[in-house]
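Chains A and B, in that order, are what the protein sequence lines are.
Residue numbering for the first sequence follows this note's numbering, starting at 600 and increasing by one per position.
Residue numbering for the second sequence follows this note's numbering, starting at 600 and increasing by one per position.
The C-beta atom is built at its ideal place from N, Cα and C for all residues, glycine as well.
Keep in mind it's a predicted model, so treat the numbers as computed, not measured.
To start, the structure itself, in structure tokens.
2 protein chains.
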Amino acid sequence: MAAKKKSLEHASLLVLGLLAAEDMYGYQMIVELERRSDHTFQMKEGTLYPILHGLEQEGAVEAYEQQAPTGRMRRYYHLTRKGQALLHTEAEAWRSYAHGVDAVLHGILPLAEA
Amino acid sequence: MAAKKKSLEHASLLVLGLLAAEDMYGYQMIVELERRSDHTFQMKEGTLYPILHGLEQEGAVEAYEQQAPTGRMRRYYHLTRKGQALLHTEAEAWRSYAHGVDAVLHGILPLAEA
DNA sequence: GGATTATACCTCGATATTCTAGGTATTGCA
DNA sequence: TGCAATACCTAGAATATCGAGGTATAATCC
Chain A
600 MAAKKKSLEH ASLLVLGLLA AEDMYGYQMI VELERRSDHT FQMKEGTLYP ILHGLEQEGA
660 VEAYEQQAPT GRMRRYYHLT RKGQALLHTE AEAWRSYAHG VDAVLHGILP LAEA
Chain B
600 MAAKKKSLEH ASLLVLGLLA AEDMYGYQMI VELERRSDHT FQMKEGTLYP ILHGLEQEGA
660 VEAYEQQAPT GRMRRYYHLT RKGQALLHTE AEAWRSYAHG VDAVLHGILP LAEA
């Protein structure tokens, strides 16, 4: 009974999280997110690109173009120091939010898996 | 460094979660949510009441009025069987969503607390 | 007694976030 | 040649939540 594909609610946090490990280009992030979340969510292009542009304007990421082996141009994004700080803040907020929800739901579900 | 009060993103799930344990009235839910989440979030009245009315219309909750010891009228909500099913579905969706986010963020934060 | 605070309910319009649905262009494959 | 996958983008719609107001009663303080 796999969960349905869910919409996102912390899109920018997830983008920052991805970029913490390595530089990525947009399309790659969409594929990676679906893979890493075990197909739980699927970021839409209409969500991702505006977020990337916003993060770039804030100075949280920096973009550069690079040619793929195929010859196509890709726009890679790199996490700046400012972006790392932002990620840290948002990740912490996520932690306490998730904690809070779990506290309210405590005992509702039979702890599906380990 | 207590986290800032965060807005909600799963308001109806939290309402259902509260009602799983006992019947409650609106104002009480707001107070309880803040308490149980260790002051992490604070449901706004403008969020809660429309949700309660919606859940009632769906048949997920049933309302009844009851006089408080003070003499004031309170509108209590009771989780129906349908509401329990809804809660279960949403709680499971939450679990996999949270799992997915954690998978992406894995290793970002130094596991603040136990 | 009068004022203020806490309780208790409600709604409307604004804001924020994400999605839908389109668009462009290149590459690879059948 | 034509179609699918890759790769980028945007405008407007839809949804969720909040802010700020309203009403009314009960309790507390001066």
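Quiz prompt | Cβ of V700/A within 9 Å of any chain B Cβ | solution = At least one chain B Cβ lies under 9 Å of V700/A.
Exercise. Look at the Cβ atom of T679/B, then the Cβ atom of G658/B, and state whether they are nearer than 9 Å.
Key: Yes. Within cutoff.
Quiz item: My guess is that M642/A and M628/A are in contact by the Cβ rule of under 8 Å, so how many angstroms apart are they, rounded?
Solution: That pair is a contact at about 7 Å.
Quiz item: Three-state secondary structure (DSSP) at H677/A?
Solution: Note: H677/A maps to strand in three-state DSSP.
Quiz item: Does the count of Cβ pairs from the stretch 694 to 708 of chain B and the stretch 608 to 618 of chain A closer than 8 Å reach three?
Solution: Contact between the stretch 694 to 708 of chain B and the stretch 608 to 618 of chain A is present, because at least three Cβ pairs lie under 8 Å.
Practice problem: Note down the Cα distance separating R635/A from G699/B, rounded to an integer number of angstroms. | Solution: Each residue's Cα considered, the two are about 7 Å apart.
Quiz item: When Cβ atoms are compared, which residues of the stretch 608 to 619 of chain A fall closer than 9 Å to chain B?
Solution: Residues E608, H609, L612, L613, L615, G616, L617, A619.
Quiz item: Looking only at C-alpha atoms, which of R674/A, S695/A, G653/A, L686/A sits nearest to I707/B?
Solution: The option with the nearest alpha carbon to I707/B is L686/A.
Quiz item: Quick one: which chain B residues come within Cβ less than 8 Å of V703/A?
Solution: Result: L613, G616, L617, L632, R635, S636.
Exercise. Determine the chain A residues that contact I707/B at a beta-carbon separation under 7 Å, and present them in chain order.
Key: The answer, in chain order, is G616, A619, L686, A690.
Exercise. Could you pull out every residue in the same chain whose Cβ sits closer than 8 Å to the Cβ of G653/A, ignoring the five residues on either side in sequence?
Key: In the same chain as G653/A, and ignoring 5 residues on each side of it, the C-beta atoms closer than 8 Å to its own belong to S611, in chain order.
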